[in-house]
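A.B. asks: Take this structure, written in structure tokens, and hold onto it; I'll ask about it next.
Next comes the structure, spelled out in structure tokens:
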């Protein structure tokens, strides 16, 4: 059934008021959603990632051969990350080879093969919740807001005294990470610990977290 003109206009006005109210709330936190903020080096915190070894340092790995195009991309990635203070030149006695992994958008993700380091690292058993458990807390909720944490791993620093273990070797030298790199064991657990620590008062009440995704849920 079609709404009468008066009801239709009232409905539009109500929707417009809700939109303005939402925009007003959103504008208060624009800095949280601003692009580029995830590219800044954050200070150290109690949840900093550390690497506990079960044995001696792994041997230095052989540098991987790269195509001319990938070598140029690698140099650009290193320069960019040095500028952001995410990595720095290193004199570490160990080092993992650098490589690229294709992303869903067909771009390249710069990371390191930490297979040898991971093999001698004591595993962190911090619980990452299974998806079926997360779904049970929604109950009668009908409104969901999904928040994705951009540059998630870059939000967590490597603890002092462990940075040299993250060293990566390339034809352009050796660098070590100041933030959590991709490919390192225990990093999902460290990141989950960080987010849980920040949102502890809201978890399973109106917020659930799975790594770099935050879901806010309500019934109204």
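Numbering (my numbering), first residue to last: 306 to 525. Cβ atoms here follow ideal geometry from the backbone N, Cα and C, with glycine treated the same way.
Assign residue 382 to one of three DSSP states: helix, strand, or coil.
C.D. replies: Here residue 382 refers to the residue found at position 77 of the chain shown. Helix, per DSSP.
A.B. asks: What do you get for residue 505, buried or exposed, if any count of 16 or more other CB atoms within 10 angstroms of its CB means buried?
C.D. replies: Taking the first residue of the chain shown as 1, we reach residue 505 at position 200. It is exposed - the Cβ of residue 505 has fewer than 16 other Cβ atoms within 10 Å.
A.B. asks: Using DSSP with H/G/I as helix, E/B as strand and the rest coil, what is residue 345?
C.D. replies: Residue numbering aside, residue 345 sits at position 40 when the chain shown is read from its first letter. Correct three-state label for residue 345: coil.
A.B. asks: Among residues of its own chain, excluding the 5 on either side of residue 358, which ones have a beta-carbon nearer than 8 Å to its beta-carbon?
C.D. replies: As a first step, residue 358 must be located in the chain shown, where it is residue number 53. Result list for residue 358: 425, 426, 427 and 470, in chain order.
A.B. asks: Tell me whether residue 349 is buried or exposed, calling it buried when 16 or more other Cβ atoms sit within 10 Å of its Cβ.
C.D. replies: Counting from 1 along the chain shown, the entry for residue 349 is found at position 44. It counts as exposed.
A.B. asks: Does the distance from the CB of residue 419 to the CB of residue 489 come in under 8 Å?
C.D. replies: In the chain shown, residue 419 corresponds to position 114, counting from 1. In the chain shown, residue 489 corresponds to position 184, counting from 1. In this structure, residue 489 lies closer than 8 Å to residue 419 by Cβ.
A.B. asks: For residue 492, which of helix, strand or coil comes out of DSSP?
C.D. replies: Residue 492 sits at position 187 when you count from the first residue of the chain shown. Residue 492 falls in the helix class under three-state DSSP.
A.B. asks: Kindly indicate which residue of 485, 498 and 451 has the alpha-carbon position closest to the one of residue 343.
C.D. replies: Numbered from 1 along the chain shown, position 38 holds the residue referred to as residue 343. The shortest Cα separation from residue 343 among 485, 498 and 451 belongs to 485.
A.B. asks: Helix, strand or coil: how does DSSP classify residue 501 here?
C.D. replies: Here the question's residue 501 lines up with position 196 in the chain shown. Reduced to three states, the DSSP call for residue 501 is helix.
A.B. asks: In chain order, what residues of the same chain have a beta carbon less than 6 Å from the beta carbon of residue 389, not counting five sequence neighbours either side?
C.D. replies: In the chain shown, counting from the first residue as 1, residue 389 sits at position 84. 344, listed in sequence order.
A.B. asks: Quick check: the region 369-385 against the region 445-454, are at least 3 beta-carbon pairs closer than 8 Å?
C.D. replies: Too few Cβ pairs lie closer than 8 Å, so no.
A.B. asks: Can you tell me the Cα-Cα spacing of residue 402 and residue 475, whole angstroms?
C.D. replies: Residue mapping note: residue 402 aligns to position 97 of the chain shown, counting from 1. Residue mapping note: residue 475 aligns to position 170 of the chain shown, counting from 1. Answer to the nearest angstrom: the Cα atoms are 7 Å apart.
A.B. asks: In the structure shown, what three-state DSSP assignment does residue 511 receive?
C.D. replies: For the purposes of this step, residue 511 is taken as residue 206 along the chain shown, with counting starting at 1. It is coil, neither helix nor strand.
A.B. asks: Under 8 Å, do residue 479 and residue 397 count as touching if we go by C-beta distance?
C.D. replies: For the purposes of this step, residue 479 is identified with residue 174 of the chain shown, where counting begins at 1. For the purposes of this step, residue 397 is identified with residue 92 of the chain shown, where counting begins at 1. Their beta carbons are under 8 Å apart, which means residue 479 touches residue 397 by this criterion.
A.B. asks: Within the continuous alpha helix (DSSP H) that includes residue 439, where are the two ends?
C.D. replies: For the purposes of this step, residue 439 is identified with residue 134 of the chain shown, where counting begins at 1. It spans 436-440 - the alpha helix (DSSP H) in which residue 439 sits, taken as one unbroken run.
A.B. asks: Between the alpha carbons of residue 450 and residue 384, how many angstroms are there, rounded?
C.D. replies: To locate residue 450, count along the chain shown from 1; it is residue 145. To locate residue 384, count along the chain shown from 1; it is residue 79. Cα to Cα, the separation comes out at about 36 Å.
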